[in-house]
Each structure stands twice: as C-alpha cells, then as structure tokens.
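Just so you know, the numbering used here puts 79 at position 60 of the sequence shown, and the rest follows in order with no gaps.
Note that the Cβ used here is the ideal one computed from N, Cα and C, for glycine as well.
Computed from a prediction, not measured in an experiment: that's the story for all the values here.
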Amino acid sequence: MFEFINWNVNPEIFHIGPLVIRWYGFFFATGFFIGQQIMIWIYKQESKPIKDTEELTIYMLVATVLGARLGHCFFYEPEYYLANPIDIIKIWEGGLASHGATVGILSSIYFYSRKHPDQSYLWILDRMVIVIALGGAFIRFGNLMNSEIVGIPTNLPWGFIFERNYSMDGYPENFARHPAQLYESFSCLILFSCLFAIYLHYKSKLPEGRIFGIFLITL
Numbered sequence: 020m021f022e023f024i025n026w027n028v029n030p031e032i033f034h035i036g037p038l039v040i041r042w043y044g045f046f047f048a049t050g051f052f053i054g055q056q057i058m059i060w061i062y063k064q065e066s067k068p069i070k071d072t073e074e075l076t077i078y079m080l081v082a083t084v085l086g087a088r089l090g091h092c093f094f095y096e097p098e099y100y101l102a103n104p105i106d107i108i109k110i111w112e113g114g115l116a117s118h119g120a121t122v123g124i125l126s127s128i129y130f131y132s133r134k135h136p137d138q139s140y141l142w143i144l145d146r147m148v149i150v151i152a153l154g155g156a157f158i159r160f161g162n163l164m165n166s167e168i169v170g171i172p173t174n175l176p177w178g179f180i181f182e183r184n185y186s187m188d189g190y191p192e193n194f195a196r197h198p199a200q201l202y203e204s205f206s207c208l209i210l211f212s213c214l215f216a217i218y219l220h221y222k223s224k225l226p227e228g229r230i231f232g233i234f235l236i237t238l
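Right, here's the structure in full:
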C-alpha cells in the first residue's frame with residue numbers, strides 16, 4: 020500500500036540551445052492533431068469538403084492560442100501587461116486561460132461559418148465540441164506535467180505531492196494534494212466518448228445545437 024505520490028516531473032522534454040520543447044506543448048499539439056483527424060473523418064461522413072478542415076483547423080489554432088493568451092494577460096494581470104505590452108507575446112513564459120480560449124473559439128467559428136454557408140454556426144459547434152472535449156483531456160494532462168492547476172490538500176493515498184510547487188516561505192510543498200488535472204482529464208475523456216457516441220447514433224435525428232447544449236450542461 021503506497022502513501023501518496025511524489026510528483027517531480029521535469030516539464031521540459033528536451034532543449035536545443037534556446038529552443039525548449041515542453042510536455043505541455045507536446046500534448047497541446049497532439050490534441051489538435053488528433054482532433055483534426057476526427058474532423059476530417061466527420062466531414063467525409065457528411066460529404067463536406069475535406070479541404071475545409073484545414074482552414075477550420077487554422078481558425079481554431081489561432082483563436083485558441085490568441086484567446087487563451089489575451090485572456091490570461093487581461094483577466095489576471097491587466098496592470099502588468101498594459102504597462103509591459105511586449106510581454107504579451109512571450110507565450111513561452113507561460114500564461115494561458117481556458118475561458119479566453121473559449122471566447123476566441125466561439126468568435127472564430129462564427130467568422131468561419133460566415134464564409135461557408137453549407138456549415139451553419141450550430142452545425143460546426145455540434146461537431147467541434149466533440150474534439151474540444153478530447154483536446155481538454157490532453158491539455159489537462161499537460162497541466163499535470165507542469166505541476167500546475169493543483170487540487171486542494173488531501174489525505175487520500177492517491178494524493179500527489181507536487182514537489183515543484185513552493186509554499187509562501189519558498190520551500191517545496193511536502194503535503195499531498197488532489198491531482199485535479201487528472202480528474203479533469205478523465206472527465207473530458209468521458210465527455211468526449213459520450214458526445215461522440217451521441218453523434219454516431221443520433222446525428223441525423225438531433226436538431227442543430229443539441230450536442231453543443233449537452234456539452235455546455237455537462238462541462
């Protein structure tokens with residue numbers, strides 16, 4: 020029987036000079052790649068132009084990164100970033116907010132749908148939330164590798180001691196916390212599975228916006 024899990028994973032996979040490859044970036048990119056493959060499959064099933072998925076992916080990628088970065092800068096530290104605007108582009112230093120990404124994604128899909136009348140706003144959202152749920156699972160696992168977004172303290176045996184977290188006095192934490200990132204990652208995987216199953220079995224019977232609505236209710 021083990022007592023807690025000591026978590027001290029290096030968030031960097033490797034670096035070459037100033038170029039640093041991190042686990043978070045790896046999982047972020049992996050989520051986007053797999054999501055794109057799923058959207059390609061969906062577009063094939065529904066006889067939509069496959070080339071449109073490339074444009075949609077670009078919209079989503081730019082909107083996610085830009086929205087998440089601006090969300091972090093202006094929701095959490097507006098005074099600092101307004102005084103140091105050049106630091107906004109220093110995304111490699113960390114700082115992304117999921118609610119900022121949400122605003123960016125919803126906006127980008129609106130503009131994309133305006134260019135593609137055969138793909139309505141709700142039609143796209145119904146399908147995008149399936150891969151967004153999967154992407155959330157990858158991103159939360161990336162948060163675990165960064166030892167960030169930790170849970171509250173716990174005495175349960177599967178608690179994680181995040182040794183890269185530091186207390187107010189500057190020392191590494193020596194107590195266990197819930198691995199909230201894993202909880203959210205697993206819940207996103209379950210949500211993805213449920214939404215994908217609903218799409219496979221009922222897509223021709225559901226009104227537009229129903230899958231998106233289920234996503235919002237269960238998220």
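- Residue range 199-221 is occupied by the alpha helix (DSSP H) that includes residue 210, with no beta strand (DSSP E) assigned at that position.
- By the Cβ neighbour-count rule, residue 83 is buried, with 16 or more other Cβ atoms within 10 Å of its own.
- By the neighbour-count criterion, in which 16 or more other beta carbons inside 10 Å mark a residue as buried, residue 227 falls on the exposed side.
- Taking C-beta separations shorter than 7 Å and ignoring five residues to either side along the sequence, the partners of residue 33 in its chain run 40, following chain order.
- Residue 25 has 180 as its beta-bridge partners, per DSSP.
- Between the alpha carbons of residue 105 and residue 94 lies a distance of about 17 Å.
- In this structure, the alpha-carbon of residue 152 lies about 5 Å from that of residue 211.
- Contact annotation: residue 87 and residue 123 have beta-carbon atoms nearer than 9 Å.
- Contact between residue 23 and residue 180 holds: their C-beta atoms lie close to 5 Å from each other, under 8 Å.
- The continuous alpha helix (DSSP H) containing residue 84 extends over residues 71-95.
- If the five residues before and after residue 76 are omitted, its C-beta is found closer than 6 Å to the C-beta atoms of 55, all from its own chain and listed in chain order.
- Taking a cut-off of 8 Å for Cβ pairs, the region 166-178 and the region 197-209 touch, as three or more such pairs fall below it.
- In this structure, residue 143 keeps its C-beta atom at 9 Å or more from the C-beta atom of residue 46.
- Beta-bridge partners of residue 31 (DSSP): 41.
- Proximity to residue 193 across 203, 173 and 202 peaks at 173, based on C-alpha coordinates.
- Judged by DSSP secondary structure, residue 149 falls within the alpha helix (DSSP H) whose first and last residues are 140-164.
- Distance from the Cα of residue 160 is smallest, within the candidate group 208, 191 and 126, for 208.
- Sorting 126, 67, 101 and 102 by C-alpha distance to the C-alpha of residue 85 places 126 at the top.
- Scanning 66, 223, 26 and 230 for the CA closest to the CA of residue 137 turns up 66.
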